[in-house]
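Novice: This structure is in structure tokens; I'll ask about it shortly.
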Amino acid sequence: MTVTPDRPTPTAAADTTEPNIIDRFVAANREYAVTFRDGGMDARPVQHIAVVACMDARLDLFAALGLELGDAHVIRNAGGVVTDDTIRSLTISQRALGTRSVALIHHTGCGLLGLTEDFRRELEQEVGQRPQWAVEAFVDLDSDVRQSMQRVRTSPFLPHTDDVRGFVFDVHTGLLREIA
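Under this note's numbering, the first residue of the sequence shown carries the number 11, and numbering increases by one thereafter.
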């Protein structure tokens, strides 16, 4: 495939003597649950906002945006692009759970930058089935943020489109740059 990871993928067989990552998640959850107390929060975000962002592991949205648990709906996908499924989530967020604002956050160094629809063609050749979804890759961050804002603002399913703002997060400085 045409993807070049930031760091090399290990080629040696995984060490089976240590728990795998999901086993570590389960163990960490058991520790977490010991002190967990239900705060009585509602599913409706306190700040009435939904954030659509890239799934990139370098983005700590809660810290970067000053969010606390229960403040916002956070919808993440590859590239932070507004797809039909994103519109589905935003529609439920607004119509059923009271959000009014939408923040869209793309970032520098995104894995979708420069990726092409050839990715789908290569995937089809590899597995024998064409993916139903588009890659939604882009070459210009600002343009893609504008496109995502336009998709939100023009969706007939979203009643609250007057407070939609888009940003690019710089993974080297931690700063947001607003896109007009």
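Glycine included, C-beta positions come from ideal geometry on N, C-alpha and C.
Taking Cβ positions only, does P166 come closer than 8 Å to chain B?
Specialist: Although the question refers to chain B, the structure presented lacks it and comprises just one protein chain.
Novice: What does S111 pair with, by DSSP beta-bridge criteria?
Specialist: Residue 111 sits at position 101 when you count from the first residue of the sequence shown. Beta-bridge pairing links S111 to I59.
Novice: To the nearest angstrom, how far is the alpha carbon of S158 from that of R105?
Specialist: Sequence index remark: in the sequence shown, residue 158 carries index 148 (1-based). Sequence index remark: in the sequence shown, residue 105 carries index 95 (1-based). Straight-line Cα distance between these residues: approximately 20 Å.
Novice: What is the DSSP secondary structure of Q142, reduced to helix, strand or coil?
Specialist: In the sequence shown, counting from the first residue as 1, residue 142 sits at position 132. Here Q142 sits in coil by DSSP.
Novice: Whose C-beta lies closer than 8 Å to the C-beta of T27 among residues of the same chain, with five residues either side of it excluded?
Specialist: As a working mapping, residue 27 is identified with position 17 in the sequence shown. Nothing listed; no residue qualifies.
Novice: Closer than 7 Å by C-beta to I189: which residues in its own chain qualify, once you throw out the five before and the five after it? Chain order, please.
Specialist: Within the sequence shown, residue 189 is the residue found at index 179, counting from 1. D152, V155, R156, G176, F177, V178, listed in sequence order.
Novice: Taking the beta carbon of P55 as the centre, do at least 16 other beta carbons fall within 10 Å, making it buried, or is it exposed?
Specialist: For the purposes of this step, residue 55 is identified with residue 45 of the sequence shown, where counting begins at 1. It is buried - the Cβ of P55 has at least 16 other Cβ atoms within 10 Å.
Novice: Distance check for F148 and E127, CA to CA, integer angstroms please.
Specialist: For the purposes of this step, residue 127 is identified with residue 117 of the sequence shown, where counting begins at 1. For the purposes of this step, residue 148 is identified with residue 138 of the sequence shown, where counting begins at 1. One C-alpha to the other measures close to 10 Å.
Novice: Give me the DSSP bridge partner(s) of G176.
Specialist: Within the sequence shown, residue 176 is the residue found at index 166, counting from 1. The partner list for G176 (beta bridge, DSSP) reads L114, I189.
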